[in-house]
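Read the structure below first, then the notes.
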Amino acid sequence: MMASTDISTGTLQRHGLRDEQLLAIFRNMLLQRQLDNRGFQLNRQGKVPFALGSEGHEALQAGAAMAFNRGSDILAPYYRDLGLCLGIGLSPYEIMLSIFARATDHNGGRQFPNHYSSKSAGLMSFSSILAAHLPHAVGAAYAIKYRGETGRAVLATCGDGTTSEGEWHESMNFVAVHKLPFVMLVENNEWAISTPLDKQMAEPQIWKRAAGYGMPGRRFNGFDPIETYEAVKEAMDRARSGGGPTLVEGTCYRYLAHSTDDNDMTYRTRDTVTERRKQDPVPAFEAVLLEHGIVDAAGVNEMRQSVLRETNEATDTAEAQPYPEPADLYKHVYEGAWQPWQS
Amino acid sequence: MTARKTELPPFLRHDLTDEQLVAMLRTMVMQRTLENRGFQLNRQGKIPFASASEGHEGVQAGAAMAFSRGKDILVPYYRDLGLALGIGLTPFEVLLSLFARADDHSAGRQFPHHYASRRLGLHTISSVIAAQLPHAVGAAYALQSRSELDRAVLTTFGDGATSEGEWHESINFAAVHRLPVVFLCENNEWAISTPLSKQMGQPDVYKRAAGYGLPGTVVDGMDPIACYEAVAAAMRRARSGGGPTLVEAKCYRFLSHTTDDDDRTYRSRDEVEARRKADPVPCFERLLVEHSVLTAEAAEALKRSVLEEANDATDRAEAMAYPAAHDLYERVYAERWDPWI
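So the sequence lines, in the order shown, correspond to chains A and C.
Heads up: the first sequence runs through residues 84 to 426, numbered per my numbering.
Heads up: the second sequence runs through residues 43 to 383, numbered per my numbering.
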């Protein structure tokens, strides 16, 4: 039972979300799941070098994306945020260009797969180095405040492992001191690659750190997209209106290996994962929508077909794109066209 | 005299004997004297630099009394003159550091006031804020992995250090592994010229402990007995396998950051004068005299003895030789190697 469903009355606490928005959240979750699996398949087929797994984060990311204001907010995600990036407007085709590392990718095929960026979407390019993106995100929030821009905020995300990094702490402290328009969203999936939460921190509730920084903290069920939306929206609204930063922690679980290069069976059991699959947010949210008559079974089926078609089309179109030209090696590196070997 | 004594509020001395209380006072007076001596020698052009710890005498004398010499390990920061004295560093050793003489523990290589003593379990000090904390945690990790019981690490830092990433990483690691280490924050409200309000979103360092899953306590850093009790409790917990503690002692920095700093550019004289009223050195002397732990005459004799010892240490250290130029590479490579030959 999702927290957004009132157990006593059976009504859906939708926190202002219209049917279309609830369906958009669900479609985003289906698309994330589909693209996530596609990345792993393409890797096993030898077509892409690498992909990251975000299965289990769908509800959290789709809910958080709905609290993001396109065109004004800034997103500083980490590498497990496929659904968040889709949710703020990145297309499956753009995802595939990244995974295939093609020339027309936003960064010309230079970045790691699943490391997107989009100036038009307000999506900052991100780092594989844990927590390295947070000082950048804080800088963006500082710029918003410094320029006196109102109604804008930065949404930054990270996993539980990142909270052990010094940059995480320095970023949190700085935004608290300067009351910056910043939301730190921790996607706590209990695994930092192969390190379980109890070897990562002595206090498993990350939101409790907020008090030590002098900012509000809140924990929510990251398997519930509506509860996620409400928690992230509350924090983003506070940030946008000059109320300063918030630490929000969403609990979820990582169903797949860390990436296509990782074998999670060396550090956790299949039984553990299977047990946690019972809470899988994708079918759970589907059941909620069906139960409350927001969509019917035929509608769900149609949506699944449409998501699969879009994914297939994006895959085929992206795969057909050319790789970057070797002659373009220094493009995006120096300003203007400078080719050191021709000097 | 006897009648007056009964009118006093109860004197909470915990398990401290008269001798220990007087030893704490002597450490505090010595710290104050050597502190001022450092500034004087700098203004006389005799030494290049000194850092200041006036206002930290209470917390440092108290914390030092909670340290078990010969067993515990101290990883301090550069404002810990009293702590180093309290665990056994001599005024002569302090002056050798200030004068940067060849007989100094670092042979005159280190910054002034950056002591080290293998004999005392005193780690060498880094000027880089919070750089000592991963070292302290490493020492505590070694104690745990070697199953050395009944030993603990005491590490200290100012309020400014709490904003550093190393601070966070060290406390988190110590909490996860339940290491025998005590993190003592000497919160003097100023990180050089940065006031606490520009350093943290809320002013209580100890409140961060809960987020790491370790106990946090706060104590009046001007009260050496309270500081002793807080640090002793934390050290006992660490030595007995109970894991780390974050202790915050609220004190104040009366002098500039160092001899190279002019604090009049960032805080008012009124602020400093107001805080001087809680000066821990005269306050503790008064407390001990009022409770007849020592007489007023004995207190005066103690101060004279401290001054004599400080003068003697100054003269002897000043008379020592500088390191020889050709010893430049000594202690740098494992064996003697003169790269220029």
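Note that CB positions come from ideal geometry on N, CA and C, so glycine has one too.
So the alpha helix (DSSP H) A/T383 belongs to, where does it begin and stop?
Stepping through the first sequence from its first residue, residue 383 of chain A is reached at position 300. A small correction: the amino acid at residue 383 of chain A is Val; Thr does not occupy that position in the sequence shown. Per DSSP, A/V383 belongs to the alpha helix (DSSP H) from 380-402.
So, at 8 Å on beta carbons, what are the nonlocal neighbours of A/S342 in its own chain, with the 5 sequence-adjacent residues on each side left out?
The residue labelled residue 342 of chain A in the question sits at position 259 within the first sequence. Cβ neighbours of A/S342 beyond the five flanking positions: F133, A134, L135, G136.
Kindly say whether A/H219, judged by its beta-carbon, lies nearer than 7 Å to any beta-carbon of chain C.
Taking the first residue of the first sequence as position 1, residue 219 of chain A is located at position 136. At a cut-off of 7 Å between beta-carbon atoms, A/H219 makes no contact with chain C.
Could you work out which residues of chain C lie near A/M284, taking near to mean beta carbons separated by less than 8 Å?
As a working mapping, residue 284 of chain A is identified with position 201 in the first sequence. What A/M284 touches in chain C: N214, A217, V218, Y254, G255.
Between C/V314, C/A376, C/D304, which lies nearest to C/F81 when the distance is taken from Cα to Cα?
Within the second sequence, residue 81 of chain C is the residue found at index 39, counting from 1. Residue C/D304 is the option with its Cα nearest to C/F81.
Any C-beta of chain D sitting closer than 7 Å to the C-beta of C/Q73?
No chain D appears in the structure shown, which is made up of the protein chains A and C.
Is it buried or exposed for A/L173, if we count other Cβ within 10 angstroms and need 16 for buried?
In the first sequence, residue 173 of chain A corresponds to position 90, counting from 1. Answer is buried; the Cβ neighbour count reaches 16.
Near A/A259, what residues of its chain come up, given a Cβ to Cβ distance below 8 Å and the 5 sequence neighbours on each side ignored?
Looking up residue 259 of chain A in the first sequence gives position 176. Excluding positions up to five away in sequence, the list reads Y296, G297, M298, G327, P328.
For C/G243, does the three-state DSSP call read helix, strand or coil?
To locate residue 243 of chain C, count along the second sequence from 1; it is residue 201. Three-state DSSP puts C/G243 in coil, outside helix and strand.
Spatial distance of A/T357 from A/T394 (CA atoms):
Locating residue 357 of chain A in the first sequence gives position 274, counting from the first residue. Locating residue 394 of chain A in the first sequence gives position 311, counting from the first residue. The straight-line gap from Cα to Cα measures roughly 26 Å.
Do the segment 275-290 of chain C and the segment 311-326 of chain A make contact, defined as three or more Cβ pairs closer than 8 Å?
no
Within the same chain, show all residues whose beta-carbon is closer than 7 Å to that of C/E99, passing over the 5 residues directly before and after it, in chain order.
Along the second sequence, one-based indexing puts residue 99 of chain C at 57. Cβ neighbours of C/E99 beyond the five flanking positions: M70, Q73, R74, G124, P322, V323.
Selected residue, minimal CA-CA separation from C/Q86, among C/E360, C/P365, C/R151
Looking up residue 86 of chain C in the second sequence gives position 44. Out of C/E360, C/P365, C/R151, C/E360 has the C-alpha closest to the C-alpha of C/Q86.
Just to confirm the assignment, what range does the alpha helix (DSSP H) spanning A/M319 have?
Counting from 1 along the first sequence, the entry for residue 319 of chain A is found at position 236. Note, A/M319: alpha helix (DSSP H), 308-323.
Alpha-carbon to alpha-carbon, A/A318 and A/H219
As a working mapping, residue 219 of chain A is identified with position 136 in the first sequence. As a working mapping, residue 318 of chain A is identified with position 235 in the first sequence. About 19 Å.
Return the CA-CA distance between C/E377 and C/P266, expressed in angstroms with no decimal places.
Here residue 377 of chain C refers to the residue found at position 335 of the second sequence. Here residue 266 of chain C refers to the residue found at position 224 of the second sequence. Rounded to the nearest angstrom, the two C-alpha atoms are 45 Å apart.
Looking at chain C, is there any beta carbon in it that lies within less than 7 Å of the beta carbon of A/K130?
Reading the first sequence from its first residue, position 47 is the one you call residue 130 of chain A. No, its Cβ sits nowhere closer than 7 Å to a Cβ of chain C.
Residues bridged to A/G242 by DSSP?
Locating residue 242 of chain A in the first sequence gives position 159, where the first residue counts as 1. DSSP, once it has assigned bridges, lists A/E270 as partnering A/G242.
Would you identify the three-state DSSP class for A/T334, choosing helix, strand or coil?
Here residue 334 of chain A refers to the residue found at position 251 when the first sequence is read from its first residue. Note: A/T334 maps to strand in three-state DSSP.
Taking C-beta to C-beta, are A/H189 and A/S200 nearer than 7 Å?
For this step, residue 189 of chain A is matched to residue 106 along the first sequence. For this step, residue 200 of chain A is matched to residue 117 along the first sequence. Closer than 7 Å, so yes.
Taking CB distances under 7 Å as the criterion, tell me whether A/V378 reaches chain C.
Indexing the first sequence from 1 puts residue 378 of chain A at position 295. Answer no: the Cβ-Cβ gap between A/V378 and chain C never drops below 7 Å.
Does A/E253 get closer than 7 Å to chain C when you measure Cβ to Cβ?
Counted from its first residue, the first sequence places residue 253 of chain A at position 170. The beta carbon of A/E253 sits closer than 7 Å to some beta carbon of chain C.
On the DSSP letters alone, give me the boundaries of the beta strand (DSSP E) that C/D262 sits inside.
Stepping through the second sequence from its first residue, residue 262 of chain C is reached at position 220. 258-262 is the span of the beta strand (DSSP E), which, as asked, contains C/D262.
Using the C-alpha atoms, what's the distance from A/D164 back to C/Q174?
What you label residue 174 of chain C is simply residue 132 of the second sequence in a count that begins at 1. What you label residue 164 of chain A is simply residue 81 of the first sequence in a count that begins at 1. The alpha-carbon atoms of C/Q174 and A/D164 are separated by roughly 36 Å.
Say whether chain A places a C-beta atom closer than 7 Å to the C-beta of C/S282.
Counting from 1 along the second sequence, the entry for residue 282 of chain C is found at position 240. Judged by the 7 Å Cβ criterion, C/S282 is not in contact with chain A.
Which residues of the segment 305-333 of chain C have a Cβ closer than 8 Å to any Cβ of chain A? Give them in chain order.
Within the segment 305-333 of chain C, contact with chain A at the beta-carbon level (separation under 8 Å) is assigned to no residue.
Determine the direct distance from the alpha carbon of C/P245 to that of C/K47, and round the result to whole angstroms.
Here residue 47 of chain C refers to the residue found at position 5 of the second sequence. Here residue 245 of chain C refers to the residue found at position 203 of the second sequence. Caution applies to C/K47, whose pLDDT of 48 falls short of 50 and renders its modelled position unreliable; the model cannot decide the point.
Can you tell me where the alpha helix (DSSP H) with C/R74 in it begins and where it stops?
Along the second sequence, one-based indexing puts residue 74 of chain C at 32. Per DSSP, C/R74 is one residue of the alpha helix (DSSP H) stretching across 60-85.
List the residues of chain A that C/E290 touches, going by C-beta distances under 8 Å, in chain order.
For the purposes of this step, residue 290 of chain C is identified with residue 248 of the second sequence, where counting begins at 1. Near C/E290 there are no residues of chain A at all, since even the closest Cβ is about 11 Å away, more than 8 Å.
Would you mind working out which of C/R161, C/L137, C/D145 sits nearest C/P154, comparing C-alpha positions?
Sequence index remark: in the second sequence, residue 154 of chain C carries index 112 (1-based). Comparing Cα positions, the closest option is C/L137.
CB contact flag (C/P176, C/L221, <7 Å):
Residue numbering aside, residue 176 of chain C sits at position 134 when the second sequence is read from its first letter. Residue numbering aside, residue 221 of chain C sits at position 179 when the second sequence is read from its first letter. No, Cβ-Cβ distance for C/P176 and C/L221 is not below 7 Å.
Enumerate in chain order the residues of its own chain whose CB-to-CB distance from A/T278 is below 8 Å, with the five nearest sequence positions on each side excluded.
For the purposes of this step, residue 278 of chain A is taken as residue 195 along the first sequence, with counting starting at 1. Taken in chain order, the residues that qualify are G244.
Three or more C-beta pairs closer than 8 Å, one from the segment 336-356 of chain A and one from the segment 178-193 of chain A: is that the case here?
No: the two stretches stay apart, fewer than three of their Cβ pairs being nearer than 8 Å.
Might you give, ordered along the chain, the residues of its own chain that have their beta carbon closer than 8 Å to the beta carbon of A/D281, omitting 5 neighbours on each side?
Looking up residue 281 of chain A in the first sequence gives position 198. Once the five neighbours on either side are set aside, the close Cβ partners of A/D281 are P287.
Where C/A355 falls: helix, strand or coil (DSSP)
Here residue 355 of chain C refers to the residue found at position 313 when the second sequence is read from its first residue. Residue state, collapsed to three classes: helix.
Exposed or buried, which one is C/E315 when buried takes at least 16 other CB atoms within 10 Å?
Counting from 1 along the second sequence, the entry for residue 315 of chain C is found at position 273. Under this definition C/E315 is an exposed residue.
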